[in-house]
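Each residue of the sequence shown is one higher than the one before, starting from 2 at the first, in our numbering.
Backbone N, C-alpha and C define an ideal beta-carbon position, used for all residues, glycine too.
Some notes on the structure that comes next.
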Amino acid sequence: MTPDKRKRIIETLITALLTCAAIAFGMTSCKAWRTITTTSTYVQKHDSTQTSATITTKTVEEYTGVKK
């Protein structure tokens, strides 16, 4: 076996092992997002007028799960 052929085989094996490691690492974790929207409305009536104020907040939470 020539040194060039041996080198190519080793490079192919290293590439295959790194690819398998990357796939295995990618399968051990996951991400999830949760969006929470809260609305609060205040209405004030005085005589013939009415005033209202609405406050809306939006919170996005991100979770990362890891397989142990």
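From the options, residue whose alpha carbon lies closest to that of residue i
i   : options          : result
R35 : T60, V67, R9, T3 : T60
T40 : T52, I56, E62    : I56
Distance between residue j and residue i (C-alpha atoms, nearest Å)
i   : j   : result
D48 : A33 : 50 Å
T42 : E63 : 27 Å
R9  : L19 : 15 Å
Cut-off 6 Å between Cβ atoms - residues of its own chain near residue i, not counting five sequence neighbours on either side
i   : result
D5  : none
I37 : T60
A54 : Y43
Cut-off 8 Å between Cβ atoms - residues of its own chain near residue i, not counting five sequence neighbours on either side
i   : result
C31 : T65, G66
Q51 : V44, Q45
The ligand MN heavy atom lying under 7 Å from the CB of residue i
i   : result
T38 : The model on display carries no ligand, and the ligand MN is accordingly not part of it.
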